Each structure stands twice: as C-alpha cells, then as structure tokens.
Amino acid sequence: MFKLNIRSYVPFAVSEMKSFMSYRMAFFIYLLSEFFMMMVTYFLWRAIYQSSASPTLGGFSFEEMTSYVLVGFFTSGIVFSVPTMLISREVADGSIAMNLLKPISYRGRILAISIGSMISSGLMTLLPFMIIFILDGWVIWPGFERFLLYFVSVLLSFLNMFTFEFCFSILAFYTTYFFGLNMASDVIIRFFSGALIPLTFFPEAVADVFRLLPFASMSYTPIMIYLGKITGGEMYRSLAIQLVWIVIFYLLGSLLWQHAIKRLTILGG
Amino acid sequence: MGRYLKLYKIFFLQYMKGLMQSKIDFFIGFFSFFLNQILGVAFLYLVFEKIPDLNGWSFYQLIFIYGYAQIPRGIDHFVTDYLWLFARKTVKEGSFDRYLLRPVNPLFQVIVERCQPDGIGEILVGVLLVAYSAVKLDLAISVGGILLFFISIIAGAIIFTAVKLFFATNAFFMKDSYSLLYLVHNMSDFAKYPTSIYAKPIRIVLSYIIPFAFTAFIPASFFLQKGNLLQTIGMEVFVAALSFLIAYRYFAFGCNKYESAGN
Numbered sequence: 724m725f726k727l728n729i730r731s732y733v734p735f736a737v738s739e740m741k742s743f744m745s746y747r748m749a750f751f752i753y754l755l756s757e758f759f760m761m762m763v764t765y766f767l768w769r770a771i772y773q774s775s776a777s778p779t780l781g782g783f784s785f786e787e788m789t790s791y792v793l794v795g796f797f798t799s800g801i802v803f804s805v806p807t808m809l810i811s812r813e814v815a816d817g818s819i820a821m822n823l824l825k826p827i828s829y830r831g832r833i834l835a836i837s838i839g840s841m842i843s844s845g846l847m848t849l850l851p852f853m854i855i856f857i858l859d860g861w862v863i864w865p866g867f868e869r870f871l872l873y874f875v876s877v878l879l880s881f882l883n884m885f886t887f888e889f890c891f892s893i894l895a896f897y898t899t900y901f902f903g904l905n906m907a908s909d910v911i912i913r914f915f916s917g918a919l920i921p922l923t924f925f926p927e928a929v930a931d932v933f934r935l936l937p938f939a940s941m942s943y944t945p946i947m948i949y950l951g952k953i954t955g956g957e958m959y960r961s962l963a964i965q966l967v968w969i970v971i972f973y974l975l976g977s978l979l980w981q982h983a984i985k986r987l988t989i990l991g992g
Numbered sequence: 006m007g008r009y010l011k012l013y014k015i016f017f018l019q020y021m022k023g024l025m026q027s028k029i030d031f032f033i034g035f036f037s038f039f040l041n042q043i044l045g046v047a048f049l050y051l052v053f054e055k056i057p058d059l060n061g062w063s064f065y066q067l068i069f070i071y072g073y074a075q076i077p078r079g080i081d082h083f084v085t086d087y088l089w090l091f092a093r094k095t096v097k098e099g100s101f102d103r104y105l106l107r108p109v110n111p112l113f114q115v116i117v118e119r120c121q122p123d124g125i126g127e128i129l130v131g132v133l134l135v136a137y138s139a140v141k142l143d144l145a146i147s148v149g150g151i152l153l154f155f156i157s158i159i160a161g162a163i164i165f166t167a168v169k170l171f172f173a174t175n176a177f178f179m180k181d182s183y184s185l186l187y188l189v190h191n192m193s194d195f196a197k198y199p200t201s202i203y204a205k206p207i208r209i210v211l212s213y214i215i216p217f218a219f220t221a222f223i224p225a226s227f228f229l230q231k232g233n234l235l236q237t238i239g240m241e242v243f244v245a246a247l248s249f250l251i252a253y254r255y256f257a258f259g260c261n262k263y264e265s266a267g268n
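Those sequence lines, one after another, are chains W and U. Read in order, the letters of the first sequence are residues 724 to 992 in the numbering used here. Read in order, the letters of the second sequence are residues 6 to 268 in the numbering used here.
Structure follows, in structure tokens:
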C-alpha cells in the first residue's frame with residue numbers, strides 16, 4: 724500500500740534509542756533482576772550436577788550447561804527486547820489512531836522501534852557482558868565462524884519473536900486485559916523455547932515436536948548453534964525452520980491485521 | 006479495628022462487583038499465574054528423571070517447598086497489589102494528598118484501593134502442591150500442624166508485604182520506585198528452592214537482609230522434619246513482626262516527608 728522507504732522509518736529506531744538512554748536506570752535494574760533469575764538457574768543446575776552420578780545430563784556437561792545458561796541470558800536479552808506491550812498500550816489509550824493516520828506502515832513503524840530497542844538494550848548493553856563472560860572463560864568461545872552463524876540465527880530469532888508478537892498483540896483489539904495474556908505467552912515462550920531447560924531433557928518424541936514449533940526458533944536454535952550442538956545439515960535445517968516461521972507469522976499478521984483494524988473503535992475525539 | 010474491618014468489607018464487595026463484570030479478565034490472570042507455577046514444577050520433574058535427589062532433597066520435598074513459597078506470595082499479591090501502583094505513580098502524580106485528608110490510616114487506604122484476584126491462581130497452585138506432596142511424603146497431619154501452617158503462611162505473607170512496603174516507600178524520596186521494587190520482589194524466586202544450593206553471600210542476603218528464605222524454605226523445613234519449631238516458624242514470626250515494624254516506620258517517616266506535586 725505504501726512504498727517501502729527505509730529512510731522514513733529510521734527516526735523511529737533512533738528515537739527509541741534516545742528514550743532508552745534517558746530511562747537507562749530502569750533498564751539496568753531490569754537487567755539486574757534478569758541476572759538474579761539467571762543466578763537462580765545457575766545454582767540450581769550446579770546442585771543438580773553435584774547430585775548426579777553421571778557427568779553429563781541431557782547431553783550437556785556442567786561447563787556446557789553454564790554456557791547454555793549464560794548464552795541464553797544474552798540471547799533472550801536480544802530476542803525479548805521486542806516491546807510486546809507497545810501495541811496494546813496504543814490500543815488502550817487510543818494513540819493508535821494518530822499512528823494509523825501517518826502515511827507509513829504501522830507494522831514497519833513497530834519493527835523500527837523494536838530494532839531501536841534491540842540495538843540499545845541488546846547490543847549496546849548485553850554485548851559487553853557477553854565479552855566479559857567469554858574472556859573470563861565462563862562461556863566457551865565457539866570460534867569466529869560459529870559465532871557469526873549464531874549471530875545470524877539470533878537475528879532470525881528476533882524477527883521470529885517480532886512477527887509472532889505482532890500477531891499476538893492483535894488480541895489487544897479484542898480484550899482489555901492484555902497484561903495477563905502477555906504474561907501467559909511469556910511463560911509459554913520461555914518454557915518451550917528451551918530458555919528454562921534444554922529441549923534435550925524432554926522425552927525424544929516430545930522434543931522432536933518442540934523443535935519444529937516456533938518457540939524453539941526463538942532461543943533454542945541460536946544457543947545450540949553457539950554451543951556447536953547442532954552443526955552441518957541439521958543446522959541449516961534449523962535456520963530454514965526459523966525462516967519459515969518468520970514468513971508464516973508475517974502473512975498471518977497481515978491477515979489478522981486486516982480483520983482487527985476494521986473493528987477498532989476509539990473513544991472520544 | 007472494627008471500623009477498619011467494616012471499611013475493608015465495603016471496598017472488597019465493591020471490587021468484587023467490578024470483577025464480576027470482567028470474568029474473562031479474571032480467568033486470564035488466574036490462568037497465566039497458574040501456568041507459570043505448573044511449568045516450574047515441570048522443570049523439576051524433567052530434571053528428576055535424571056537424578057535421584059538434589060542436595061539430599063527428594064522430588065516431593067522440593068515440590069513441597071516450591072508450593073509453600075507460592076502461598077504467602079499469593080496472599081500478599083491478592084491483598085496489597087496496589088503498592089506496585091503506589092510505587093509507580095501515587096507520589097509522582099501528587100495523588101497521595103487525598104489519603105492524608107481522610108481520617109483513616111493512609112497505608113490502609115492505599116491497600117484497599119485494589120485487590121488482585123490473580124493471586125488466587127498462585128494460592129491455589131501452592132495449596133495443591135503442598136497437599137499433594139504432603140500425601141506423597143506421608144507427612145503426619147495434625148490439628149497443631151495445620152494451625153502452625155496457617156500461622157506460618159500468614160507470617161510469610163507479612164514478610165512479603167513488609168519488603169514490598171519498604172521498597173515502595175522509597176517513592177517518597179525518589180518519586181518512582183517501581184523498578185527498584187521489581188528488582189527486590191523478583192528475588193523471591195530464590196526462595197522457591199532450598200537455600201542450601203546457593204553460595205554463601207546469597208544465603209546471607211536471603212536470611213538477614215531481604216528475608217525471603219523465611220517465607221518458604223525455613224518454615225517448610227520444619228514440616229519436612231529438618232528443623233526445630235523455634236528456629237523455623239518461631240524465627241519466621243519474629244522476622245515478620247520485625248520487618249513489618251521497620252517497613253511501617255519507614256512508611257510513616259515517608260508520609261511526613263511527603264510534599265505534594267502541583268500548586
């Protein structure tokens with residue numbers, strides 16, 4: 724409908740980065756609390772490995788599991804930087820009306836904001852953490868090639884999350900309590916994406932199904948690529964699955980959007 | 006006291022009327038908190054497929070502690086949820102004025118602003134897990150034990166409220182203490198597992214500074230026959246009273262320092 728002109732979207736990303744800089748204290752506190760949650764997971768795994776008779780569990784040694792948890796922390800930092808509550812807030816307070824009037828694609832604008840948020844919170848804040856983890860030897864260094872592949876996969880995860888969240892946010896047009904729904908979806912994503920426990924811990928048949936689900940594409944795939952647990956043909960297949968989900972959710976998003984936008988009512992004016 | 010109970014009842018019924026108008030919202034909130042806890046248990050279940058026990062704790066003992074942790078947290082969530090909004094905006098927007106004008110305790114007024122039915126999801130999961138694991142563990146159930154359990158979860162809820170109140174009160178001095186409150190409240194995640202798995206500094210923080218260990222692991226270990234009454238539930242009640250006293254004094258101090266926004 725509108726000509727895709729990248730230049731008109733850049734300011735949205737830039738302004739998101741600027742607002743991040745002015746509220747960075749809140750973000751650091753948020754980061755610290757994510758860090759605490761990661762420590763809970765770390766100590767839990769430490770106790771689990773200490774109690775285990777065999778040195779590997781679900782195909783992971785303790786060192787690999789530590790890397791899994793830390794790389795997972797970094798990965799979800801990037802992937803979860805998609806501002807999930809943004810659309811629902813705009814629907815709730817009616818500001819969506821003004822944004823729909825602008826001669827740009829609404830989804831394009833949200834994507835630009837998400838990218839701004841990803842660059843500032845993910846890359847600028849978390850990357851230094853990651854480098855410290857690697858230099859300290861807590862996280863294994865996978866070699867340049869694998870790191871690059873990991874990075875590609877993380878970006879796909881980010882797009883996966885973005886297209887998924889866009890579809891999901893459309894529910895905000897139909898319910899007033901999006902907060903609760905969002906929380907449920909957050910919990911489901913964290914569990915089925917392997918952010919809590921690697922999918923290899925599930926029974927084989929179940930794990931095979933989970934690997935195909937979009938949630939695995941959101942965090943499990945990049946982490947496993949980083950750790951060198953999936954390589955070669957399997958790796959390319961996983962990357963392809965990520966791509967397929969992006970396309971599916973992109974198309975689904977367009978379809979749902981068409982429907983929702985017709986039923987939008989804004990109070991007042 | 007009687008007057009406060011009467012007031013609370015009026016606010017509560019009013020709130021329930023609003024709630025009945027949005028049953029779907031209630032269901033969504035209930036479901037999402039329920040799901041959150043169930044998946045936490047699924048995690049433990051998957052792990053216990055691979056190991057016989059965790060630092061000497063069996064699967065059902067861990068479930069008992071995990072469920073125990075949800076109950077005080079859920080009670081506090083149900084009753085004092087407005088403290089989150091207080092931390093975020095009451096002082097910043099200057100709307101604390103009206104609480105000071107009415108002849109009722111300001112803290113009471115803040116708390117009755119809202120009750121949060123999402124907390125019921127947590128309480129329900131907690132009770133189910135505790136009951137289920139108690140049966141599996143063959144714990145002796147007596148009237149005295151149940152009474153102690155009630156005292157313990159109430160004391161635990163008071164600890165939660167005290168921690169929340171203390172950090173929300175910072176809003177008087179920093180205008181918006183929401184993210185600080187979020188950070189501290191999230192530390193209650195540590196309390197879902199035996200504190201013995203953590204490094205020493207974390208254990209010290211959880212027992213003496215932000216005493217979440219007293220809301221779950223320490224009293225639960227009494228019922229799991231790994232501690233004596235005075236050192237577990239006795240201490241918990243003491244910690245609850247002390248921390249609430251500190252938090253309330255701090256809140257009262259904040260009220261005195263409060264300066265309104267606006268003209």
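For glycine and all other residues, C-beta sits at the position ideal for the given N, C-alpha and C. Because the structure is a prediction, the values reported are computed rather than measured.
| query | result |
| --- | --- |
| Below-8 Å beta-carbon distance, Phe-195(U) vs any chain W residue | yes |
| Residues sharing a beta bridge with Leu-846(W), DSSP | The partner list for Leu-846(W) (beta bridge, DSSP) is empty, contrary to what the question assumes. |
| C-beta contact flag for Leu-40(U) and Tyr-71(U) at 8 Å | no |
| Rounded separation between Ser-100(U) and Ala-176(U) - CA only | 13 Å |
| Any C-beta of chain W under 8 Å from that of Asn-191(U) | yes |
| Nearest-angstrom Cα separation, counted from Lys-169(U) out to Trp-1027(W) | As shown, chain W starts at 724 and ends at 992. That puts residue 1027(W) outside it, with no answer to give. |
| CA-to-CA distance, Ser-63(U) to Ala-245(U), given in whole angstroms | 28 Å |
| Through-space distance from Phe-901(W) to Glu-894(W), alpha-carbon basis | Position check: residue 894(W) holds Leu in this sequence, whereas Glu was assumed. Roughly 7 Å between the two C-alpha positions. |
| Beta-carbon proximity list for Arg-107(U), same chain, < 7 Å, skipping 5 on both sides | Gln-114 |
| Gly-956(W): CB within 7 Å of a non-hydrogen atom of the ligand ATP | Among the components of this structure there are no ligands whatsoever, and the ligand ATP is therefore not found. |
| 8 Å Cβ cutoff met for Ser-942(W) and Ser-892(W) | no |
| C-beta atoms of Met-884(W) and Val-805(W) nearer than 8 Å | yes |
| Under 8 Å by beta carbon: chain U residues contacting Thr-899(W) | Ser-27 and Asp-30 |
| Cβ-based burial, Lys-262(U) [other Cβ within 10 Å; buried from 16] | exposed |
| Proximity below 8 Å, CB of Leu-950(W) to CB of Ser-790(W) | yes |
| Rounded straight-line distance, which links the Cα of Ala-173(U) to that of Ser-774(W) | 40 Å |
| Per-residue contacts from Ala-939(W) into chain U (C-beta, under 8 Å) | The premise fails here: Ala-939(W) is roughly 16 Å from chain U at the closest Cβ pair, so nothing lies under 8 Å. |
| Neighbourhood of Gly-1(U) by C-beta distance below 6 Å, restricted to the same chain and skipping five residues each side | An answer regarding residue 1(U) cannot be provided, because it is not within the stretch 6 to 268 covered by chain U. |
| Min CB distance Met-906(W) to chain U below 8 Å | yes |
| Beta-carbon contacts of Ser-799(W) that lie in its chain and below 7 Å, excluding the five residues immediately before and after | Ala-918 and Ser-942 |
| 7 Å Cβ cut-off: residues of chain A touching Leu-44(U) | Here chain A cannot be found, since the structure's protein chains are W and U. |
| Asp-931(W), enclosing alpha helix (DSSP H) - first and last residue | 927 to 935 |
| Distance between Ala-983(W) and Gly-976(W) (C-alpha atoms, nearest Å) | 10 Å |
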